[in-house]
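Chemist: Just so you know, the sequences run in chain order Y and B.
Reading the first sequence from the start, the letters are residues 83 to 246 in the numbering used here.
Reading the second sequence from the start, the letters are residues 7 to 749 in the numbering used here.
The structure that follows is given in the form of structure tokens.
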Amino acid sequence: MITLTINGETRNLDVDPSTPLLWAIRETAGLTGTKFGCGIAQCGACTVHLNGAPVRSCVTPVQAAAGQDVTTIEGIGSRATGLHPVQQAWIDEQVPQCGYCQSGQIMSAVALLSNNTSPTDADIDAVMRGNVCRCGAYPRIRRGIKRAAATMRDAAGIGEVADE
Amino acid sequence: MNKWTRRAFISAGVLAGGVVVFGIAIRPGNRAGKVAGLVADDNESLFNVWLKIATDNTVTAIIPHAEMGQGVHTTLAMMLADELDADWNLVDMIEAPAHIEYANYALAKGYAAGGVDFPAFLVDTVDGFFLTATKWMKLQITGGSTSVPTTGQHAMRVAGAATKAVLLQAAANRWHVPYDELTASNSMIHHAGSHREAPFASFARDAAKLDLPAKPRLKTPDEFTIMGTDVGRLDAPAKVDGSAMFGIDAVVPGMKYATVKAAPVFGTRVLSVSEASVQDMPGVRRVVNLGDAVAVVADGYWQAKQALDALAVDFDQGGDETVEQSDIFEQFSRDMDAATANGDEITDFEQGDARAALEGADRVIEAEYRVPYLSHAPMEPMNCTAWVHDGKCELWTGTQNPLGFAAEVADVLDMDIDDVVLHNQYLGGGFGRRAFPDYAIQAARIAAEVHFPVKLIWSREEDMRHDHYRQASISRFRAGLDAAGRPVAWINQYVEKHDPKEAPYIPYAIDNQYIHYAESKTHVPWGFWRSVGHSLHAFFTESFIDEVAHAAGRDPYEYRHDLLASAPRFRKVLDTAAEKSNWGAPLPENFGRGIAIHRSFGTIVAQVVEVEIVDGKAIARRAVCAVDAGFAMHPDGMKAQMESGIIYGLTAALYSNITIRRGAVAQSNFHDYPMLRIDESPEIETHIINSGERLGGAGEPGTPAIAPALANAIFDATGKRIRELPVSLHDLSSEDLGSRDVA
């Protein structure tokens with residue numbers, strides 16, 4: 083039995099400790115927004131936050147998350163509880179096509195913006211190159227991140243950093 | 007005889023009666039009745055198989071196509087809603103059930119059946135009739151970029167317009183006013199003379215009893231209020247909060263998980279498998295020998311995968327286990343040589359006398375190109391959940407071909423097709439891969455062995471090694487130029503012809519052309535891959551015309567422009583791409599610019615790529631795209647499809663290389679079949695031309711031209727002509743380059 087917190091809720095998961103966090107989230111906790119893409123940390127579809135930092139859940143043993151805070155796409159925001167600025171920007175820029183990679187893309191983007199509300203193109207490249215999109219939504223992902231960043235800066239009452 | 011085939015015969019009467027797709031759209035009397043129970047509740051009026059109106063005035067479009075990212079659910083709903091004069095904010099959609107009434111007539115007619123017109127199907131032999139019925143039963147396919155030009159144009163718009171007509175008639179009857187004094191807008195019916203208005207829903211039940219007009223007048227583009235606008239995609243909200251349900255997300259109470267390993271060499275079999283080798287591993291429920299694959303069923307995917315990796319299994323040797331990729335290309339070359347030597351070339355297209363013209367030419371240019379096998383690699387690996395119970399089989403999966411999947415599963419399980427119920431989900435990418443039912447058949451066969459539902463998930467490695475691959479190919483060219491540098495002869499030979507037939511054809515005015523091919527079968531399974539034959543032939547033809555232009559000492563854009571004098575639609579697309587890309591303007595050092603144009607699925611696309619060579623590697627920095635699909639129903643969606651097609655095609659052109667080693671696919675995952683990522687993704691701008699010509703597709707036409715535009719840009723930057731893809735096979739660093747051949 084592994085005890086951890088998922089999206090603020092304490093969960094006791096009856097799962098082998100070596101099981102990747104991805105499968106514990108999807109099959110045992112029943113949260114299917116986090117996706118399986120490659121199983122070897124090459125595509126980013128399985129990205130979740132562990133104590134706020136992005137990790138590839140397909141190669142993270144569930145025991146490594148024991149007693150810690152896991153956040154999945156379901157914990158970022160929803161239409162019922164209110165969308166995160168990144169999710170809203172994804173709709174405004176019409177980012178998703180097939181949509182399968184977008185949970186992971188959004189988790190990476192949220193992590194990026196939580197550390198840096200004025201990311202340059204190079205900052206975006208450095209973080210987002212870990213997330214593959216076979217539909218080629220990259221130009222819209224870039225625009226979405228910039229739009230979300232502006233929204234978050236406005237909400238925080240801060241201006242854009244001078245060097246961007 | 008299989009049960010479902012007999013059923014197909016019975017249903018064929020319905021099929022023959024409703025064969026014209028307008029008929030399906032406009033005759034609710036019997037058609038809608040058959041499907042009402044599938045799609046409509048008690049408080050909804052079903053007008054025909056494409057449309058229902060609820061008492062709260064919500065209009066639901068019933069879309070017979072799979073959503074795999076191309077936006078078809080939104081675009082088709084727009085086409086219906088606009089003709090209906092519905093309030094877009096009150097429009098919803100559902101995907102049609104996998105049911106014969108929704109079988110896609112136009113795709114069969116225009117694409118899958120090779121352009122054979124319907125009357126030819128009405129053959130008078132029983133066998134022929136069965137064959138026909140079989141084909142028709144299985145067609146509800148999303149592919150060939152056909153959804154908007156066929157279903158949208160001939161079903162959705164007609165259904166919307168015809169339904170509006172009966173709503174107006176019902177209002178005229180109730181209000182005792184002339185039909186012509188009534189108007190519809192925003193899901194309301196208005197009578198200006200008496201200042202009355204009422205919602206569609208208040209007339210829906212009366213209107214559903216009226217006969218729909220057979221040929222309602224469709225709007226002209228100046229009357230469009232929704233078509234041609236940028237509404238938001240209906241599927242976007244569910245795709246940003248994790249709530250969108252893909253095949254892999256299906257949850258059926260009590261289900262277990264399975265994963266599978268097929269014989270690595272295509273066409274070989276399982277010799278032996280030792281269930282004992284894994285039966286004590288945690289969570290393992292069953293080992294299933296499928297003959298050509300083995301599966302492990304366990305309480306979770308990870309447990310099934312661990313056990314599968316540990317499973318002792320021997321595979322047969324089928325004779326192809328010694329085949330290497332180099333053998334395949336050598337075989338292609340041999341078979342091409344033999345076809346020419348033996349005079350058994352298969353003519354694809356011929357006009358004039360190309361060989362005589364070549365003899366008389368002032369100069370002859372020759373080149374040979376080759377392209378590799380490609381995997382689809384959609385982000386969501388193949389998966390299907392199956393539950394065999396009470397004489398039925400239920401399937402949850404994402405498929406481009408739900409009826410075909412149901413038919414194949416019915417065949418394998420010896421069931422009636424009506425006992426196979428397929429719940430189609432969002433597709434995590436399709437690109438042609440999800441038209442092939444192998445994974446659903448496996449899931450159904452595994453589920454038939456157990457008494458609980460089973461979710462089969464392929465590993466990424468299985469997905470890459472057991473795809474249906476875009477073919478590898480070789481293409482050889484000879485062109486003859488006259489003294490002025492104009493092409494007078496075009497001879498092209500390639501291996502293996504696949505759909506669409508026009509893929510190797512060129513738009514240029516060259517009087518003498520001979521295009522032919524040689525057969526050269528391999529054991530590697532073939533599949534539709536985004537744009538199908540266009541994906542390779544555009545690279546071949548648009549690279550070679552570029553070589554010809556350079557050999558003639560001409561600018562490659564201007565050379566194409568001149569050769570398109572009698573093809574004004576092509577020329578306008580080409581000119582737009584050149585103009586918007588600022589063709590001819592100076593570029594920074596280590597940059598190059600290339601252009602290509604190609605028509606596929608009725609849509610003409612020209613692209614200009616600006617490439618930068620960095621440390622011997624090509625990076626596309628900018629892509630300018632001009633597209634003429636007749637009319638862009640959803641312009642932002644069209645742009646998104648061009649962006650998507652460009653990045654999909656760039657990924658393949660730069661990196662993708664499936665190779666055969668010891669008879670099996672050598673690559674396994676994204677580390678050895680790399681993907682284009684955001685840091686190498688170009689800025690893309692798309693310019694839409696609404697020519698008003700016949701509608702073309704959007705999902706595929708963005709892909710073909712990008713590989714040659716890139717290769718032509720690399721030539722401009724480096725003087726090195728890329729004649730073999732992917733580009734990553736070549737070192738583009740300057741010391742490796744030969745002298746630059748630019749006139």
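Beta carbons are placed, not taken as given, at the ideal position from N, Cα and C, and that holds for glycine.
Taking Cβ-Cβ distances shorter than 7 Å, what residues in chain Y pair up with residue 604 of chain B?
Modeler: By Cβ distance, chain Y contributes nothing, its closest Cβ being about 18 Å from residue 604 of chain B, past 7 Å.
Chemist: Let me see if you follow: with CB-CB separation under 8 Å, is residue 690 of chain B close to chain Y or not?
Modeler: Cβ-Cβ to chain Y under 8 Å: yes for residue 690 of chain B.
Chemist: Run through DSSP, which three-state label would residue 565 of chain B get?
Modeler: Three-state DSSP puts residue 565 of chain B in a helix.
Chemist: Determine the direct distance from the alpha carbon of residue 576 of chain B to that of residue 569 of chain B, and round the result to whole angstroms.
Modeler: Rounded to whole angstroms, residue 569 of chain B to residue 576 of chain B spans 10 Å at the Cα level.
Chemist: So for residue 80 of chain B, helix, strand or coil by DSSP?
Modeler: It is helical.
Chemist: Any chance you could list the alpha helix (DSSP H) runs of at least 4 consecutive residues sitting entirely within the stretch 560-635 of chain B, in chain order?
Modeler: The qualifying runs are 562-569, 574-586.
Chemist: Name the chain B residues that come within less than 8 Å of residue 184 of chain Y, Cβ to Cβ?
Modeler: What residue 184 of chain Y touches in chain B: 245, 246.
Chemist: Examine chain Y for any beta-carbon lying closer than 8 Å to the beta-carbon of residue 535 of chain B, and answer yes or no.
Modeler: No - not a single Cβ of chain Y is within 8 Å of the one on residue 535 of chain B.
Chemist: Since residue 417 of chain B is in the beta strand (DSSP E), which residue starts that stretch and which ends it?
Modeler: Residue 417 of chain B -> not in any beta strand (DSSP E); alpha helix (DSSP H) instead, spanning 408-419.
Chemist: Is it the case that the Cβ atoms of residue 365 of chain B and residue 241 of chain B are separated by a distance below 8 Å?
Modeler: Not a contact, by the Cβ cut-off of 8 Å.
Chemist: Within 10 Å of its beta-carbon, does residue 255 of chain B have 16 or more other beta-carbons around it, so buried, or fewer, so exposed?
Modeler: Classification of residue 255 of chain B: buried, given that the 10 Å Cβ count is 16 or more.
Chemist: Express the C-alpha separation of residue 392 of chain B and residue 424 of chain B in angstroms, rounding to a whole number.
Modeler: Spanning the two alpha carbons is a distance of roughly 15 Å.
Chemist: Would residue 127 of chain Y and residue 118 of chain Y qualify as a contact pair, given that the criterion is a beta-carbon distance under 8 Å?
Modeler: Yes. Within cutoff.
Chemist: In three-state DSSP terms, what is residue 480 of chain B?
Modeler: Strand, per DSSP.
Chemist: Using the three-state DSSP reduction, which class does residue 99 of chain B fall into: helix, strand or coil?
Modeler: Three-state DSSP puts residue 99 of chain B in a strand.
Chemist: Could you round the C-beta distance between residue 533 of chain B and residue 469 of chain B to whole angstroms and report it? I think they count as a contact, below 8 Å.
Modeler: With 8 Å as the limit, residue 533 of chain B and residue 469 of chain B do not qualify as a contact, their Cβ atoms being about 13 Å apart.
Chemist: Could you check whether residue 710 of chain B and residue 481 of chain B sit closer than 8 Å to each other, using their CB atoms as the reference points?
Modeler: Cβ atoms of residue 481 of chain B and residue 710 of chain B: not closer than 8 Å.
Chemist: Which residues in chain B sit within 7 Å of residue 223 of chain Y, going by Cβ to Cβ distance?
Modeler: In chain order: 684.
Chemist: Just to confirm the assignment, what range does the alpha helix (DSSP H) spanning residue 4 of chain B have?
Modeler: Residue 4 of chain B lies beyond the stretch modelled for chain B, which goes from 7 to 749, so this question has no answer here.
Chemist: Please name the residues in the stretch 280-308 of chain B whose beta-carbon is closer than 9 Å to at least one beta-carbon of chain Y, in chain order.
Modeler: For the stretch 280-308 of chain B, which is checked against every Cβ of chain Y, the residues closer than 9 Å are 288, 289, 305, 306, 307, 308.
Chemist: Do three or more CB pairs link the stretch 212-219 of chain Y to the stretch 183-202 of chain Y at distances below 8 Å?
Modeler: Output reads yes: the stretch 183-202 of chain Y touches the stretch 212-219 of chain Y.
Chemist: If you draw a straight line from the alpha carbon of residue 195 of chain Y to that of residue 677 of chain B, how long is it in whole angstroms?
Modeler: If you take the alpha carbons of residue 195 of chain Y and residue 677 of chain B, they lie about 28 Å apart.
Chemist: With DSSP run on the structure shown, which of helix, strand or coil describes residue 552 of chain B?
Modeler: In the structure shown, residue 552 of chain B sits in a helix (DSSP, three-state: H, G or I).
Chemist: Return the first residue and the last residue of the beta strand (DSSP E) that residue 401 of chain B is part of.
Modeler: Unbroken beta strand (DSSP E) run through residue 401 of chain B: 398-403.
Chemist: Go ahead and pull the three-state DSSP assignment for residue 136 of chain Y.
Modeler: In this structure, residue 136 of chain Y counts as strand in the three-state DSSP scheme.
Chemist: Between residue 103 of chain B and residue 251 of chain B, what straight-line distance do the alpha-carbon atoms span, to the nearest angstrom?
Modeler: The straight-line gap from Cα to Cα measures roughly 16 Å.
Chemist: Do residue 632 of chain B and residue 579 of chain B have their beta-carbon atoms positioned less than 8 Å apart in this structure?
Modeler: For residue 579 of chain B and residue 632 of chain B, yes; Cβs fall inside 8 Å.
Chemist: Given residue 359 of chain B, which residues of its chain have a CB within under 6 Å of its CB, disregarding the five upstream and five downstream residues?
Modeler: Once the five neighbours on either side are set aside, the close Cβ partners of residue 359 of chain B are 518.
Chemist: Out of B/166, B/555, B/186, B/334, which one is the CA nearest neighbour of residue 371 of chain B?
Modeler: Residue 371 of chain B has its Cα closest to that of B/555, out of B/166, B/555, B/186, B/334.
Chemist: Taking the alpha carbon of residue 307 of chain B as the reference point, which residue from Y/140, Y/85, Y/235 has its own alpha carbon closest?
Modeler: Checked all of Y/140, Y/85, Y/235; the closest Cα to residue 307 of chain B is Y/140.
Chemist: Using 8 Å as the Cβ pair cut-off and three pairs as the minimum, do the stretch 446-457 of chain B and the stretch 343-361 of chain B touch?
Modeler: Taking 8 Å as the limit for Cβ pairs, the verdict is that the stretch 343-361 of chain B does not touch the stretch 446-457 of chain B.
Chemist: Do you know offhand how far residue 263 of chain B's Cα is from residue 567 of chain B's?
Modeler: Taking the straight line joining both Cα atoms gives about 57 Å.
Chemist: Report the rounded CA-to-CA distance for residue 206 of chain Y versus residue 100 of chain B, giving the unit in angstroms.
Modeler: Looking at the two C-alpha atoms, the distance is approximately 36 Å.
Chemist: Residue 120 of chain Y touches chain B at which residues, Cβ-Cβ below 8 Å?
Modeler: Under the 8 Å cutoff, chain B gives 466, 675, 676.
Chemist: Note the first and the last residue of the continuous beta strand (DSSP E) segment covering residue 357 of chain B.
Modeler: Looking at the DSSP string, the run of the beta strand (DSSP E) that includes residue 357 of chain B is 352-357.
Chemist: Taking three-plus beta-carbon pairs below 8 Å as touching, is the stretch 282-299 of chain B in contact with the stretch 232-246 of chain B?
Modeler: Touching, no, given that fewer than three Cβ pairs across the two stretches are closer than 8 Å.
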